[in-house]
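Sequence positions in the sequence shown follow this note's numbering and run 1 to 143. Heads up, the beta-carbon is just placed ideally off N, CA and C, and yes, glycines get one too.
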Amino acid sequence: RSMIKRNIKPEIEVFDKGMIDKALMLLKHGYLLSPAHFNLVMGVQISATGRDLSFMVDSLPLESTWTVTGIGKHQMPMAVMGIVMGGHVRVGFEDNLYLGKGVLAGSNSELVQKVVRLAQELGRPVATPFEARKILNLPPLKD
Numbered sequence: 001r002s003m004i005k006r007n008i009k010p011e012i013e014v015f016d017k018g019m020i021d022k023a024l025m026l027l028k029h030g031y032l033l034s035p036a037h038f039n040l041v042m043g044v045q046i047s048a049t050g051r052d053l054s055f056m057v058d059s060l061p062l063e064s065t066w067t068v069t070g071i072g073k074h075q076m077p078m079a080v081m082g083i084v085m086g087g088h089v090r091v092g093f094e095d096n097l098y099l100g101k102g103v104l105a106g107s108n109s110e111l112v113q114k115v116v117r118l119a120q121e122l123g124r125p126v127a128t129p130f131e132a133r134k135i136l137n138l139p140p141l142k143d
């Protein structure tokens, strides 16, 4: 209720289908507002496979937006799948330290730059901060 009152949109981070079901109940009872934004964390409680990512995405409300997060070695394969499937991508040191097998990333920026290159190669534009706020149905920033 406090988040709704303050116009705060939570990221609903889910690790398995049961967590999506709980979020759907919260939406139904008005504790979360639609359209919701889900972060699908793959490679912890549910496998990081295309089949399981599709299962998770297909379980979301149609009006929702979603991001995929792959843990460890799954970060870049899940990023590519998320880009191809029309979702959004989260990368960073919290979830993975490597640019590739045995190659430590020097910064979060290197991981982001790699995903930007992948998105460009796949013909998917990268949103500006203004566009991201619009996609996520967030109010514009105040000057």
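Uninterrupted alpha helix (DSSP H) stretches inside the stretch 55–118 (no shorter than 4 residues):
Entirely contained in the stretch 55–118, the alpha helix (DSSP H) runs reaching 4 residues are, in chain order, 75–85.
Is the stretch 37–53 close to the stretch 66–76, with three or more CB pairs under 8 Å?
Here the stretch 37–53 makes contact with the stretch 66–76; the two share three or more CB pairs at distances below 8 Å.
For a quick check, are the C-beta atoms of residue 69 and residue 56 less than 9 Å apart?
In this structure, residue 56 does not lie closer than 9 Å to residue 69 by Cβ.
Exposed unless 16 or more other CB atoms sit within 10 angstroms - verdict on residue 89
Buried: at least 16 other Cβ atoms inside 10 Å.
DSSP three-state label for residue 32, please.
Residue 32: coil per DSSP, three-state reduction.
Just the C-alpha distance for residue 114 and residue 99, rounded to the nearest angstrom, thanks.
Near 8 Å, if we compare the C-alpha coordinates of residue 99 and residue 114.
My output table needs one value for residue 46: the three-state DSSP class, helix, strand or coil.
In the structure shown, residue 46 sits in coil (DSSP, three-state: anything other than H, G, I, E or B).
DSSP state of residue 8 mapped onto helix, strand, coil:
If DSSP states are grouped into helix, strand and coil, residue 8 belongs with coil.
With DSSP as the reference, label residue 26 as helix, strand or coil.
Assigned with DSSP and collapsed to three states, residue 26 falls in helix.
What would DSSP say about residue 38, mapped onto helix, strand or coil?
The answer is strand: DSSP assigns residue 38 an E or B state.
Using alpha carbons as the reference points, say which of 54, 66, 108 and 6 lies closest to residue 93.
Of 54, 66, 108 and 6, the residue nearest in Cα terms is 108.
What separation, rounded to the nearest whole angstrom, lies between the Cα atoms of residue 58 and residue 125?
So the two alpha carbons sit approximately 23 Å from each other.
Cβ neighbours of residue 50 in the same chain (closer than 6 Å, five flanking residues each side left out):
Contacts found: 81.
Cα-Cα separation, residue 84 to residue 52
For residue 84 and residue 52, the distance between alpha carbons rounds to 15 Å.
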